[in-house]
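Here the structure comes first, spelled out in structure tokens, and everything after it is commentary.
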Amino acid sequence: MLSASLNRIFALVLRYWYLLKDSWPRLLDIVYWPTVELLMWGFLQAYLAEKTSVTALAGGALIGSVLLWDILLRGQIGFSVSFLEEMWSRNLGNLMMTPLRMYELLAALGVMSIIRLLIGLVPVTVMAIVFFGFNLLGMGLALAAFFANLIITSWAVGLFACGIVLRNGLGAESFVWSVSFLLLPLACVYYPVTVLPAWLQPISLALPPTHVFEGMRALVLENRFDVGEMLWAGGLNLVYLTAASVAFAAFLRSGRRSGALLQLGE
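Numbering (this note's numbering), first residue to last: 6 to 271.
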């Protein structure tokens with residue numbers, strides 16, 4: 006059973022990989038936007054560093070925030086786009102008629118999101134070292150904790166976005182591209198939680214990425230790894246991933262019963 010399940014997951018990952026590797030526009034898109042963001046924020050930090058030593062100190066935190074934000078954003082988009090490939094080709098109904106289980110589909114989407122993420126993240130990590138002297142890998146084992154929490158958050162958000170599209174059809178496709186940006190101001194990517202109004206801070210602290218970025222700033226600026234922040238992020242991720250999985254499963258069951266999986270469109 007386990008072998009058959011792994012084979013089905015591998016077959017799906019292989020399908021998505023063939024779609025990706027044979028399309029240079031898809032590959033270019035994966036690398037293009039992270040590169041633009043890194044260069045824009047990196048050169049801004051370099052300019053500010055000339056004006057005050059405080060911003061020079063915070064420069065590592067700014068570039069680190071850009072790279073970690075890309076893990077969340079590209080992980081979510083990579084997860085969701087692979088699912089959208091099935092909807093664009095109107096193949097989702099066919100998949101659901103096979104022995105493929107929901108968790109196998111989601112596992113394949115998760116693996117593919119990591120593959121797409123690494124294709125975009127590795128070049129910008131090298132550019133951050135070359136152009137700005139910031140080595141993301143210098144965070145050591147803490148980077149593994151940051152990465153794990155952010156990629157789980159990206160899967161939870163991606164699941165929620167895919168569920169919305171599954172429920173409303175491809176007319177809701179734009180939600181996939183914008184949903185992560187709803188988190189951007191509240192997750193305190195580029196500034197600490199204390200900057201937010203007091204009434205908004207509890208909402209921000211209820212989001213897993215907030216604790217990741219607070220932990221990253223503690224590491225870069227204070228050379229201190231905050232275990233408590235990672236535990237909070239991990240616990241919240243478990244809650245959100247479970248809720249997103251339950252919602253997606255409900256949408257999928259509803260689509261199967263109504264036959265909507267064969268009629269998905271605008």
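By construction, the Cβ of each residue, glycine as well, lies at the ideal position given by its N, Cα and C atoms.
All of these numbers come straight from a predicted model, not from anything done at the bench.
DSSP places residue 128 in the helix class (H, G or I) of the three-state scheme. Excluding its 5 nearest sequence neighbours in each direction, residue 201 has C-beta neighbours in its own chain below 6 Å: 209, listed in chain order. Non-local beta-carbon contacts of residue 126 in its own chain, meaning distances under 8 Å to residues more than five positions away in sequence, involve 39, 72, 75, 76 and 79 in chain order. Check the Cα spacing between residue 178 and each of 101, 91, 243 and 140: the tightest is with 91. Excluding sequence positions up to five before and after residue 139, its CB lies within less than 6 Å of the CB of 65, 68 and 133, all in the same chain and listed in chain order. In the three-state reduction of the DSSP assignment, residue 204 falls in the coil class. In the structure shown, the three-state DSSP call for residue 109 is helix. Boundaries of the alpha helix (DSSP H) around residue 221: 213-227. The beta carbons of residue 212 and residue 189 sit no closer together than 8 Å. When DSSP states are grouped into helix, strand and coil, residue 167 belongs to the helix group. For residue 31, the enclosing alpha helix (DSSP H) has its first and last residue at 29-54. Separation of the CB atoms of residue 192 and residue 230 is rounded to 19 Å, and the pair is thereby denied contact status at 8 Å. Straight-line spacing of the CA atoms in residue 194 and residue 149 works out to 18 Å.
For residue 182 and residue 51, the gap between their C-alpha atoms comes out near 30 Å.
Beta-carbon to beta-carbon, residue 245 and residue 112 are separated by about 18 Å, too far to satisfy the 8 Å threshold. Selection 25, 107, 98 and 145 evaluated against residue 122 yields 25 as nearest (Cα-Cα).
In this structure, the alpha-carbon of residue 15 lies about 45 Å from that of residue 199. Looking at the backbone, the Cα of residue 98 and that of residue 171 are separated by about 11 Å. Following the DSSP letters along the chain, one finds residue 100 inside the alpha helix (DSSP H) bounded by residues 97-101.
In this structure, residue 118 sits near residue 84, with a CB-CB distance shorter than 8 Å. For residue 140, the secondary structure class from DSSP, reduced to helix, strand or coil, is coil. Taking C-alpha positions only, residue 70 is separated from residue 13 by approximately 36 Å. Within the model, the alpha-carbon separation for residue 107 versus residue 254 is close to 8 Å. In this structure, DSSP gives residue 196 a state outside helix and strand, which the three-state scheme calls coil.
Each of 165, 222, 146 and 42 was checked against the Cα of residue 184, and the nearest Cα belongs to 165. When the five nearest sequence neighbours on each side are left out, the beta carbons in the same chain lying within less than 7 Å of the beta carbon of residue 157 are those of 242 and 246, in order along the chain.
A direct Cα-Cα distance of roughly 13 Å separates residue 116 from residue 153.
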